[in-house]
Structures are given as C-alpha cells and as structure tokens.
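Numbering (this note's numbering), first residue to last: 14 to 271.
Heads up: the structure comes next, in structure tokens.
Shown next, in the form of structure tokens:
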C-alpha cells in the first residue's frame, strides 16, 4: 500500500533547494497552494524559477515569495494584478517569460504527458514567434535580454496550408498544487474554479506536492470523480477546510429595489 501523506507543509517542501524550478497551480487567487507557499517562504528558499499563470497579488499567493525576493524568474501569461511584479520587472530585478495562456497550459500538459514539443498557431506573426519580447530590462529602460525566434513551419490540417510555431514542453523540478479532496494514494479532486492550472502544474512537476482540504482513504473517491490520478502526485498534506481563501477582485451590485 502506498501512503503519500506528509505530516506538515514544512516537511513536504523541506528538500526544495535554492534555484529550483516550480510549477504552481492557481488562477488569480483561486486554487493557490498557500500553505505550501508559506512553508517555502518560512524555509528561506530563494532564486526560484516559477511557472504559474500569474504571480498572485502583493500580499497573497506567489506574491509573498516575490516580495521577499525569492523568485528569480516567472513564466506566466498574466501579471496585471501585482504592483511589485511590475516594479521588479521594469527595474531589471525579475526575468519574465510571457506566454499565451492556452500555450502555457499545453506546455505544462505536454511536459507531464512526455511530449517534448508541439506546434500551435497561437503567436504566429507576433513577437511570440518572431522573438524580441523583453524578458529582462536593464533598469534604465533598455532591454537586457529578449525572447529568441522560434521555429515556424507550415502544415495543412484543414485543407489550407497555415503556419504553426514550435513550443517546447515545460517540466519543472517540483509542483505545488491545491485540491479540495484527495486520498492517500494521491488521487485528487478539484473544486470548481480551482480546477484551473492545478492539474496541469501537477503533471509538469518531477515531484508533485499537493495540499488538500480533505483527506480520505483509497476507494472513497469514485474513480469517475478523479480529476488527477495519483500517478502524478508524490506527497500530500492536509490543510483542512478552514483555510483562508482570498478573492482577487470582489465586485457587487445594488439589489433591485434599493
């Protein structure tokens, strides 16, 4: 019997070294593995290269690692809600590999599926394919490092010959994810919007660490309800259902008649 449970978040991330690459689940603040992120912050790990849709906000999610200057590079598709991210990128303190959102999702999935690279139409005719996207600034308004040009080939898939750009898969040293439910074998169930980049990030990590709100025994999750099979998960930490869940941007309207 394989029991993948770890007593605490601190123990689960203890072997993540300085300079490691991480795939981290979450979209905005939904599905952020905050207990694992906080444990990594407390541990003092630095010089991290992180792949995630975004970098949280200034005081939550991956933003806490960014504020502590623990992140060297981000590979993301959206960075608009984090003021410190903007400041550090424009000042040359942070490297950024900006990637179209669907492409980023497929790069993570491909890494987990053992696919080295794939061709996509997304980005053809732009700096994504042609190169020149700023990856790091020099602090004086100039570009210190830019993205390289990528291979573009023509394929006839719909009766019309069209150009496609080559995108390489992403595989990271570790993955940090959040799930609503999991069993001791690592089978995971994600709740609604938290089923965003979490399964994909989990697949891409050589070692996947999952925090779950509820831990059950093998067989208690119907196989048809499993969103991510335990083969991708190596460690599980229970964080309970009472953990804080932040909303990135709360919008309300006045009820009718008021």
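Built from N, CA and C at the ideal position, the CB exists for glycine as well.
The beta carbon of residue 204 lies closer than 7 Å to those of 193 in the same chain, with the five residues before and after it left out. In terms of Cβ geometry, residue 244 and residue 188 do not form a close pair [threshold 8 Å].
Per DSSP, reduced to three states, the secondary structure at residue 17 is coil, with no helix or strand assignment. In this structure, residue 113 sits away from residue 89, with a CB-CB distance that is not shorter than 8 Å. Residue 238 sits in a helix when the DSSP states are folded into three classes. In this structure residue 73 is in contact with residue 259, their Cβ atoms being roughly 5 Å apart against a cut-off of 8 Å. Counted as a single uninterrupted DSSP element, the beta strand (DSSP E) harbouring residue 192 occupies residues 185–196. With respect to residue 33, residue 196 sits apart: the two C-beta atoms are not nearer than 8 Å. In the DSSP assignment, residue 129 is bridged to no other residue. Taking the CA atoms as reference points, residue 31 sits about 23 Å from residue 158.
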